[in-house]
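Working notes, beginning with the structure itself.
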């Protein structure tokens, strides 16, 4: 059985950055912020377009005692395009790899791929994030790094260093950029506004179908990852049973 150790309010506290890494970390976040900030209106428009899905994800994060900022992951991963498929074969809103999707209960086959189902893939992503967040002692930076490059890679990197902090690890450049980009987006987006007016009476996925327009194409380029990480299936560190709410 997987035992979940959750903090009461994950939105209040963040893992502190050691002084010797703080300046460099903030510098890298600032670099990504400067790149994203001129396009704030386009980014906000995309969040608004998918507001119902965004609010449903926030409700799920709150219920599972996960940081609300994790709602930003689908913007970075897919710009909320549930049909997105990467060169590495990650797919859907959350860009789950086939092995990860199956590990958390999704069907991935030639005839059916539940990664493209918003509701089912979100449930699987929540389970995966709970697992990572607790495995890495509620350290959000390590959680994000593991989501991007795999828990095994981050675990091995941690074993090679004395200082168990994200900035001390040797990770792929894509993963390092991913974490910095996440924190830049967090500075840019008003999470409180995203979470406002949440109504339980709304169908969580009652959004209109959005065609691939100029905004979506542009955002995919803006958040595009430049390197494909080797994500061959790695045997899970522990065997998981389905999690219940």
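Residue numbers (our numbering): 6 to 250.
Cβ coordinates follow ideal geometry from the N, Cα and C atoms, glycine included.
These numbers were taken from a predicted model, which means no experiment stands behind them.
Sequence-distant residues of the same chain with beta carbon closer than 6 Å to residue i, five excluded per side
i	result
residue 87	97, 98, 121, 123
residue 141	147, 148
residue 136	none
Cβ neighbour criterion (16 or more within 10 Å) applied to residue i
i	result
residue 79	buried
residue 229	exposed
residue 34	buried
residue 166	exposed
residue 127	buried
residue 180	buried
residue 106	buried
residue 40	exposed
Interface flag, residue i vs chain B, CB-CB below 9 Å
i	result
residue 79	The structure shown contains no chain B, having only a single protein chain.
Chain-order list of residues whose beta-carbon lies under 8 Å from that of residue i (same chain, five-residue window excluded)
i	result
residue 191	74, 77
Reduced DSSP secondary structure (H/G/I, E/B, other) of residue i
i	result
residue 137	helix
residue 182	helix
residue 124	helix
residue 113	strand
residue 215	Reliability of the predicted coordinates at residue 215 is poor, the pLDDT of 46 falling under 50, and the value obtained from them is presented with this limitation in mind. Of the three classes helix, strand and coil, the one that applies to residue 215 here is coil, per DSSP.
residue 86	coil
residue 28	helix
residue 145	helix
residue 67	helix
residue 96	strand
residue 101	strand
residue 118	strand
Own chain, CB closer than 7 Å to residue i, minus 5 neighbours either side, in chain order
i	result
residue 30	22, 172
residue 162	174, 175, 176
residue 45	193
residue 71	15, 134, 135, 138
residue 1	Because the chain is modelled from 6 through 250, residue 1 falls outside the range shown and cannot be assessed.
residue 100	82, 83, 89, 91
Rounded Cβ spacing between residue i and residue j (contact assumed at less than 8 Å)
i	j	result
residue 224	residue 113	Wrong, their Cβ atoms sit about 26 Å apart, outside the cutoff.
residue 186	residue 81	6 Å
residue 37	residue 189	4 Å
Would you check if the stretch 43–62 and the stretch 189–204 touch, i.e. whether three or more CB-CB distances between them fall below 8 Å? Result yes; three or more Cβ-Cβ pairs closer than 8 Å.
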